[in-house]
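The structure appears below as structure tokens.
Residue numbers (my numbering): 29 to 280.
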């Protein structure tokens with residue numbers, strides 16, 4: 029059985045890591061270089077950097093961050109936020125990222141997923157899906173950092189990006205994000221059953237049990253978290269030991 033990856037997420041703005049609740053109420057969480065080095069030593073399997081300001085200037089800042097981090101940290105790096113063209117992707121990959129994550133640009137121009145997969149390989153293309161529950165049932169895709177509804181059904185959109193050549197889906201429950209009450213297990217499971225690529229569960233981790241449930245009940249391939257790692261509530265190593273003790277295959 030493939031090991032389940034544990035992935036800290038670093039939301040970056042103006043060169044600093046921040047964390048919020050349901051995409052708002054941001055507070056400073058630290059220096060990205062120091063945090064990346066720490067997570068490398070802690071045994072994280074990968075890191076995700078998301079540029080949440082996503083302006084042209086911010087992309088230059090992020091490229092600099094990735095360049096510094098990749099010189100000293102040797103676990104895979106996924107970088108997203110404001111990558112609107114093949115050239116943007118190339119710039120970040122050349123700076124040292126192993127994968128790029130796209131959300132809003134993929135919704136507005138789905139061909140970008142196919143072009144990226146063709147140019148760099150599907151393994152480099154992660155489509156991030158921010159999903160919010162509908163009152164009538166199901167989930168809707170949101171863009172622009174959760175500020176704009178799209179009318180797109182999240183499950184159908186996941187199927188579409190899979191068919192376009194995406195290599196992974198980074199699936200965030202906007203309802204659960206930052207609340208630390210657990211992942212949206214139904215959302216994760218339903219997306220995973222509709223695609224033939226790994227699904228990274230995101231949004232809601234508050235304790236090791238939540239990550240365990242995301243694997244067992246949510247059928248996630250990888251687990252992304254921020255708050256419990258950034259503020260030392262449950263270190264990466266502790267989470268991995270807990271999962272291993274309950275029979276989940278992880279890299280120790």
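Glycine included, C-beta positions come from ideal geometry on N, C-alpha and C.
Exercise. Any idea what DSSP makes of residue 216, helix, strand or coil?
Worked result: Within the chain shown, residue 216 is the residue found at index 188, counting from 1. Helix.
For this session: Let me know the secondary structure DSSP gives residue 276 once reduced to three states.
Result: Position 248 of the chain shown, counted from the first residue, corresponds to residue 276. Residue 276 falls in the coil class under three-state DSSP.
Problem set entry | Cβ neighbours of residue 61 in the same chain (closer than 8 Å, five flanking residues each side left out) | For this step, residue 61 is matched to residue 33 along the chain shown. Only 93, 96, 97, 100 meet the Cβ criterion.
Problem set entry | Continuous alpha helix (DSSP H) stretch holding residue 68: start and end | Against the chain shown, residue 68 aligns to sequence position 40. Unbroken alpha helix (DSSP H) run through residue 68: 60-70.
Problem set entry | Length at least 3, wholly inside the stretch 178-214: the beta strand (DSSP E) runs in chain order | Whole beta strand (DSSP E) segments, 3+ residues: 196-201.
For this session: Would you give the residue range spanned by the beta strand (DSSP E) that residue 160 belongs to?
Result: The residue given as residue 160 occupies position 132 in the chain shown. Residue range 153-161 is occupied by the beta strand (DSSP E) that includes residue 160.
For this session: Could you tell me if residue 51 is buried or exposed, where buried requires 16 or more neighbouring beta carbons within 10 angstroms of its beta carbon?
Result: Here residue 51 refers to the residue found at position 23 when the chain shown is read from its first residue. Here residue 51 scores only 45 on pLDDT, less than 50, and its place in the model is too uncertain to base an answer on.
Exercise. What residues in its chain sit with their C-beta under 6 Å from that of residue 125, if we drop five residues either side in the sequence?
Worked result: Taking the first residue of the chain shown as position 1, residue 125 is located at position 97. The answer, listed in chain order, is 94, 105, 107.
Exercise. In three-state DSSP terms, what is residue 31?
Worked result: Against the chain shown, residue 31 aligns to sequence position 3. Assignment of residue 31 by DSSP, reduced to helix, strand and coil, places it in the coil class.
For this session: Leaving out five residues on either side along the sequence, give the residues of the same chain with a beta carbon under 8 Å from the beta carbon of residue 204.
Result: Mapped onto the chain shown, residue 204 falls at position 176. Counting only residues of its own chain and dropping the five nearest sequence neighbours on each side, residue 204 has a CB closer than 8 Å to the CB of 210, 211, 212, 231, 232.
Exercise. Quick one: what's got a C-beta closer than 6 Å to residue 154's C-beta in the same chain, skipping five residues either side?
Worked result: Taking the chain shown and counting its residues from 1, one reaches residue 154 at position 126. Setting aside the 5 residues that flank it on each side, residue 154 is surrounded in the same chain by 106, 127, 129, 196, 198, each with a C-beta closer than 6 Å to its C-beta; the list follows chain order.
Problem set entry | Proximity winner among 276, 234, 157, relative to residue 258 (alpha-carbon distances) | Within the chain shown, residue 258 is the residue found at index 230, counting from 1. The shortest CA-to-CA distance from residue 258 to any of 276, 234, 157 is the one to 234.
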